[in-house]
Amino acid sequence: MERFSKSLADFPGLPVPDQCLRSHTVNRLIDMEMNYGPDDLDCSEDRHSRPLNGEQQIAYDMVLHSVYTNEGKCFFVDGFGGTGKTFLWRAICEQLRFEKRIVLCVASSGIAALLMVGGRTAHSRFHIPLDCDTKSTCNIEQGSEVAELILNASLIIWDEAPMAHKHNIEALDRTLRDIFRVKHVDSELKPFRGMTIVFGGDFRQTLPIITKGTRTEIVNSSIKRSYLWRSMTVLKLTENMRLKLPHSEASARLAISNFSKWLLEIGDGTNSNIFGESIIPIPLHICVPRRSDPIPDIVAEIYGQLLSTENMSTYLVERAILAPHNDTVAAINNYVLGLFPGEEVSYFSSDSLEIDAKNQHVEEGDYTVEFLNSLKIGNFPEHELKLKLGCPVILLRNLDQSTGLCNGTRMIVKRLGKWFIEVQILTETHVGDTVFLPRLSLSVHYKSLNFTLVRRQYPIALSYAMTINKSQGQTLNHVGICLQRQVFSHGQLYVAMSRVTSERGLKILSCDSQGKPANTMQNIVFTEIFE
Numbered sequence: 001m002e003r004f005s006k007s008l009a010d011f012p013g014l015p016v017p018d019q020c021l022r023s024h025t026v027n028r029l030i031d032m033e034m035n036y037g038p039d040d041l042d043c044s045e046d047r048h049s050r051p052l053n054g055e056q057q058i059a060y061d062m063v064l065h066s067v068y069t070n071e072g073k074c075f076f077v078d079g080f081g082g083t084g085k086t087f088l089w090r091a092i093c094e095q096l097r098f099e100k101r102i103v104l105c106v107a108s109s110g111i112a113a114l115l116m117v118g119g120r121t122a123h124s125r126f127h128i129p130l131d132c133d134t135k136s137t138c139n140i141e142q143g144s145e146v147a148e149l150i151l152n153a154s155l156i157i158w159d160e161a162p163m164a165h166k167h168n169i170e171a172l173d174r175t176l177r178d179i180f181r182v183k184h185v186d187s188e189l190k191p192f193r194g195m196t197i198v199f200g201g202d203f204r205q206t207l208p209i210i211t212k213g214t215r216t217e218i219v220n221s222s223i224k225r226s227y228l229w230r231s232m233t234v235l236k237l238t239e240n241m242r243l244k245l246p247h248s249e250a251s252a253r254l255a256i257s258n259f260s261k262w263l264l265e266i267g268d269g270t271n272s273n274i275f276g277e278s279i280i281p282i283p284l285h286i287c288v289p290r291r292s293d294p295i296p297d298i299v300a301e302i303y304g305q306l307l308s309t310e311n312m313s314t315y316l317v318e319r320a321i322l323a324p325h326n327d328t329v330a331a332i333n334n335y336v337l338g339l340f341p342g343e344e345v346s347y348f349s350s351d352s353l354e355i356d357a358k359n360q361h362v363e364e365g366d367y368t369v370e371f372l373n374s375l376k377i378g379n380f381p382e383h384e385l386k387l388k389l390g391c392p393v394i395l396l397r398n399l400d401q402s403t404g405l406c407n408g409t410r411m412i413v414k415r416l417g418k419w420f421i422e423v424q425i426l427t428e429t430h431v432g433d434t435v436f437l438p439r440l441s442l443s444v445h446y447k448s449l450n451f452t453l454v455r456r457q458y459p460i461a462l463s464y465a466m467t468i469n470k471s472q473g474q475t476l477n478h479v480g481i482c483l484q485r486q487v488f489s490h491g492q493l494y495v496a497m498s499r500v501t502s503e504r505g506l507k508i509l510s511c512d513s514q515g516k517p518a519n520t521m522q523n524i525v526f527t528e529i530f531e
């Protein structure tokens, strides 16, 4: 239960152990963090001579100096994809863990957390509330195992920080000020009460999601608009390490360099108007020619060999179609599933209303079951889940990060049972592992109608196509971007195009406002976020 951040107290009716025994037991969380072995660490004598570039070495030295001298500094490592942030995290972690120090690695997304040894989502590790405000704190009690773990930690690394709402990070600050008030008596005025913390990310990527939020609301939710930002030392990584891959030909390095420069121009909003919007021409070799409807055309480009490929798992894990809108993604997934051979199986959800203090005005009879079934919400399973054997799916919730089951994990369906679905993991650290997925009761507050929907369903969705926001953190060899409707927020085009490392694997289909073929695409950048 500890792996799932649960205890017997979460299950009414079960006996709870005497809390007086806690002091005589080992803190399992600390024990787990102290037990990294040779498979997780580089224990060789030459680990100090690891090939860090100049910028990485400066960041490495400054972070370790803050840890060793208890300076309690706050850092932000700013770098685009390919500059080696993950490599830097691993170097820092290996050194400190080799010295038997505790490093807590977290990320704003489950996919990013899987790339870090011992990584967890920030919400899971620090028990951050789902709805934070300016006064929120983490759900961590003084003297709890989590509090003791944090007290014994030397460093916290938080990757993909630009995705996190500033209130989440500020909640951690308030919590650490409480936890460390005895240990760090002289650090009352320091952020995070003198704990060394390293944040990382790229502000060209998507910012915190604010439902129907204005541009100002989205920008103001960023860590850059937090009172903590002025205390951070910004360290920039600008050297593209992909250009230094061994055995790569000069022509390949030139192509990667040119593509990287183009991506940075898109991410920076070069040549955009005062609103950060620009129209970008699509190179002819990337633009998908229109032969019929947009969806069949983009599917033919990315999944043209779907029915003839022999190694289906490898074929599916290498590719995906990305789109900015949920309805476009659903249409593409249903279309490809129809092409895929095999019997279609439907799983239907059980929907109900949650009646509590928050929804006192709502009664069970106010909304019909049919109406609840019809509700479609982003990043939430649909009422009718249609699947076939061998189809790819994506997980919509963090289940167990230690086994690779996190929000964004892609899998392939192996068996469709009456009470379970058997899947095989396709991505990240647990490729090839087989797991059984149960139905879960998931809740979401439907703000427009002011009630909470409870849906019992398998927490997955088809993943022939996915939204651009959902793809952040994924790396693919073949990406099709379907701009049947153009992007609508900061960083979406940059995120979509940077899912591939080479433009050879990129195809873009674009339509104008009338749905006619277009050889240009819209880019939106909130340039004030870079100030």
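No gaps in the numbering here: position 416 of the sequence shown is 416 in full-length UniProt numbering, and each next residue is one more.
Beta carbons are placed, not taken as given, at the ideal position from N, Cα and C, and that holds for glycine.
Remember, it's a predicted structure, so these values are computed and weren't measured experimentally.
Taking the C-beta atoms as reference points, methionine 497 is found no nearer than 8 Å to isoleucine 394.
In the DSSP secondary-structure assignment, serine 136 is not bridged to any residue.
Straight-line measurement puts the Cα of leucine 155 at about 13 Å from the Cα of tyrosine 60. Burial is judged here by how many other beta carbons sit within 10 angstroms of a residue's own beta carbon; histidine 285 has fewer than 16 and is exposed. Setting aside the 5 residues that flank it on each side, arginine 253 is surrounded in the same chain by Leu243, each with a C-beta closer than 7 Å to its C-beta; the list follows chain order. Taking a contact to require three or more Cβ pairs closer than 8 Å, the segment 168–182 and the segment 119–139 qualify as touching.
Nearest to phenylalanine 436 by C-alpha distance, out of Ser448, Lys414, Ile256, is Lys414. DSSP lists no beta-bridge partner residue for proline 296.
Counting the other CB atoms within 10 Å of its CB gives tryptophan 419 a total below 16, which places it among the exposed residues. Rounded to whole angstroms, the gap between the alpha carbons of glycine 200 and lysine 100 is 24 Å. Exclusion of the five residues before and after glycine 110 leaves Thr121, Asn398, Cys406, Asn407, Gly408 as the residues of its chain whose Cβ lies within less than 6 Å of its Cβ. Excluding the 5 residues flanking it on each side, asparagine 519 has same chain C-beta neighbours closer than 6 Å at Ile282, Cys287, in chain order. Take isoleucine 140, set aside five residues on each side of it, and the residues of its chain with a beta-carbon closer than 8 Å to its own are Phe126, His127, Val146, Ala147, Ile150, Thr175, Ile179, in chain order. If you draw a straight line from the Cα of valine 117 to the Cα of glutamine 424, it comes to about 22 Å.
The residue among Glu94, Gly276, Lys236, Asp268 with its C-alpha nearest the C-alpha of threonine 216 is Gly276. When rounded, the separation of the alpha-carbon atoms in histidine 445 and glycine 378 is 12 Å. Counting only unbroken stretches of 4 or more residues, the alpha helix (DSSP H) elements lying wholly within the UniProt domain "DNA replication helicase" (446–508) are 468–471, 492–497, in sequence order. If you draw a straight line from the Cα of tryptophan 229 to the Cα of isoleucine 223, it comes to about 7 Å.
Secondary structure note for isoleucine 92: its alpha helix (DSSP H) is the uninterrupted segment 85–98.
Contact check for glutamine 492 against isoleucine 468 passes: the beta carbons are separated by less than 8 Å.
Rounded to the nearest whole angstrom, the C-alpha separation of proline 294 and glutamine 522 is 17 Å. Judged by their CB atoms, isoleucine 332 and tyrosine 464 are nearer to each other than the 8 Å cut-off. Under the 10 Å beta carbon count, asparagine 240 is surrounded by 16 or more other beta carbons and is classified as buried. Beta-carbon to beta-carbon, tryptophan 158 and isoleucine 197 are separated by about 7 Å, close enough to satisfy the 8 Å threshold.
Burial is judged here by how many other beta carbons sit within 10 angstroms of a residue's own beta carbon; isoleucine 279 has fewer than 16 and is exposed. As the crow flies, the alpha-carbon of valine 495 is around 34 Å from that of glycine 194. Judged by DSSP in its simplified three-state form, asparagine 27 adopts coil rather than helix or strand.
Looking at the DSSP output, leucine 353 shares a beta bridge with Leu453. Per DSSP, the continuous alpha helix (DSSP H) segment holding aspartate 268 begins and ends at 250–268.
For valine 525 against serine 272, the beta-carbon gap comes to about 6 Å, under 8 Å, which counts as contact.
C-alpha of lysine 507 to C-alpha of proline 324: approximately 15 Å in a straight line. Around the beta carbon of tyrosine 458, a 10 Å sphere encloses 16 or more other beta carbons of the protein chains shown; the residue is thus reported as buried. Listed in chain order, the beta strand (DSSP E) runs fully inside the segment 380–407 are 384–387, 392–395, counting runs of at least 3 residues.
One thing to note: arginine 499 has its Cβ within 8 Å of the Cβ of serine 471. Tryptophan 229 sits in a helix when the DSSP states are folded into three classes. DSSP places phenylalanine 436 in the uninterrupted beta strand (DSSP E) bounded by 434–437.
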